[in-house]
Amino acid sequence: MKPRLLLLPIVLAAASAFADEPTVIQLWPGRPPGETKDWPAERDVTTDKDNRAGGRRSTRLSPVSNPTIAIYAPDAAKNCGAAVLICPGGGYDRVTIDIEGTEPAAWLNSLGVTAIVLKYRVPRREGVPQHIPPLQDAQRALGIVRHRAAEFGIDPHRIGMLGFSAGAHLTGVLSNNYETRIYPAIDDADAVSCRPDFAMIVYPGYFWRGNPGVAPEVAPAEGKTPPTFIVQAEDDPVHVENALHYFLALKAAKVPAEMHLYAQGGHGYGMRKTGLPVATWPDRAADWMRANGWLQKSK
Numbered sequence: 109m110k111p112r113l114l115l116l117p118i119v120l121a122a123a124s125a126f127a128d129e130p131t132v133i134q135l136w137p138g139r140p141p142g143e144t145k146d147w148p149a150e151r152d153v154t155t156d157k158d159n160r161a162g163g164r165r166s167t168r169l170s171p172v173s174n175p176t177i178a179i180y181a182p183d184a185a186k187n188c189g190a191a192v193l194i195c196p197g198g199g200y201d202r203v204t205i206d207i208e209g210t211e212p213a214a215w216l217n218s219l220g221v222t223a224i225v226l227k228y229r230v231p232r233r234e235g236v237p238q239h240i241p242p243l244q245d246a247q248r249a250l251g252i253v254r255h256r257a258a259e260f261g262i263d264p265h266r267i268g269m270l271g272f273s274a275g276a277h278l279t280g281v282l283s284n285n286y287e288t289r290i291y292p293a294i295d296d297a298d299a300v301s302c303r304p305d306f307a308m309i310v311y312p313g314y315f316w317r318g319n320p321g322v323a324p325e326v327a328p329a330e331g332k333t334p335p336t337f338i339v340q341a342e343d344d345p346v347h348v349e350n351a352l353h354y355f356l357a358l359k360a361a362k363v364p365a366e367m368h369l370y371a372q373g374g375h376g377y378g379m380r381k382t383g384l385p386v387a388t389w390p391d392r393a394a395d396w397m398r399a400n401g402w403l404q405k406s407k
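Numbering of the sequence shown is given in the working numbering, commencing with residue 109 and proceeding in unit increments.
Written as structure tokens, this is what we have:
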């Protein structure tokens, strides 16, 4: 199967607010690790039943068999040197590429941050845990970004992650599983660290499964897990316990963490204005990044 960049026009249309088109990079030179079958063409699978946050439709892509990163550079005069790898949600069955991908990228660019939107493999692959192929993609993506940091105008020591829903889970998984690549090394990008320097987790899922504590793949460790920012609403149908239990686990591991809980908001609102206080979470996230020095312009 020849590599192909499918539905790129959809992604670029969603990113029309950007001054320049993104740099799109295929993560794997051939078939991704563990892939043995040919998948149908990637397409927008959004239905009328799907949530319309802020009264607008979102674009949900599936299947994704050719994972990529799209790099959105901020205006050169504003570039602070920081970068963030964005992991959209979609229940590990779809990738919600605009509301949880290109729209957060535009926000990060406004802060002077280089935004990298990860389009990871979905749907879930039979016979392996749901997060394993996406984790391979995330490890590879962050390694490529750090390895090529100078090329992209990025400080290799200020590369964070931002994840929504299942993408928040993927962010938590990489935050705690970066020391060893879970695929055979391909090139020099796999020799550098794929540890995020900080993590932002928005309306997470899969962290808590009805038992005390958190799922083993997101269990924090002292001196290992990066500083983390968490957002969730109490009325989230995916359960606010995901945020609560992860925050407590971070606290127990002495990992710096900040959590914002809102009374209302539900799930899947991204960064859109919904008329509820939860829509102000990006301001709190910017405050957190600024207070920790990640938005300080490189000298």
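For each residue, glycine too, the CB sits at the ideal point set by N, CA and C.
Next item on the list: Express the C-alpha separation of residue 379 and residue 211 in angstroms, rounding to a whole number.
Entry: In the sequence shown, counting from the first residue as 1, residue 211 sits at position 103. In the sequence shown, counting from the first residue as 1, residue 379 sits at position 271. Looking at the two C-alpha atoms, the distance is approximately 7 Å.
Next item on the list: With a floor of 4 residues, list each alpha helix (DSSP H) that falls wholly inside the segment 186-248, ordered by position along the chain.
Entry: Listed in chain order, they are 211-218.
Notebook entry, point to check: Where does the unbroken beta strand (DSSP E) through residue 269 begin, and where does it stop?
Noted result: Within the sequence shown, the letter at position 161 stands for residue 269. Element bounds for residue 269: 267-272.
Notebook entry, point to check: Is it true that the CB of residue 225 sits closer than 8 Å to the CB of residue 267?
Noted result: For the purposes of this step, residue 267 is identified with residue 159 of the sequence shown, where counting begins at 1. For the purposes of this step, residue 225 is identified with residue 117 of the sequence shown, where counting begins at 1. The criterion of a C-beta distance shorter than 8 Å is not satisfied by residue 267 and residue 225.
Notebook entry, point to check: Any idea which residues DSSP pairs residue 132 with across the strands?
Noted result: Start at 1 with the first residue of the sequence shown, and residue 132 comes out as number 24. DSSP links residue 132 through a beta bridge to 178.
Notebook entry, point to check: Who does residue 339 pair with in a DSSP beta bridge?
Noted result: The residue you call residue 339 lines up with position 231 of the sequence shown. Paired residues: 310, 368.
Item checked: For residue 129, the nearest candidate out of 248, 214, 200 (CA to CA) -> Position 21 of the sequence shown holds residue 129. Ranking the options by Cα distance to residue 129, first place goes to 214.
Margin query: Going by beta-carbon coordinates alone, are residue 200 and residue 274 separated by less than 8 Å?
Written below: Within the sequence shown, residue 200 is the residue found at index 92, counting from 1. Within the sequence shown, residue 274 is the residue found at index 166, counting from 1. Against a cut-off of 8 Å, the Cβ pair of residue 274 and residue 200 comes out as a contact.
Margin query: Nearest by alpha-carbon distance to residue 140: which of 390, 403, 248, 393 is it?
Written below: Working through the sequence shown from its first residue, we reach residue 140 at position 32. With distances taken between CA atoms, residue 140 lies nearest to 248 out of 390, 403, 248, 393.
Notebook entry, point to check: When the distance is taken between beta carbons, is residue 176 closer than 8 Å to residue 167?
Noted result: Against the sequence shown, residue 167 aligns to sequence position 59. Against the sequence shown, residue 176 aligns to sequence position 68. No, the pair does not count as a contact, with Cβ atoms beyond the cut-off.
Check: Taking Cβ positions, are residue 203 and residue 223 nearer each other than 8 Å?
Finding: If you number the sequence shown from 1, residue 203 lands on position 95. If you number the sequence shown from 1, residue 223 lands on position 115. Contact: no.
Check: Ends of the beta strand (DSSP E) at residue 358?
Finding: Within the sequence shown, numbered from 1, the residue matching residue 358 stands at position 250. No beta strand (DSSP E) contains residue 358, which is instead part of the alpha helix (DSSP H) from 349-360.
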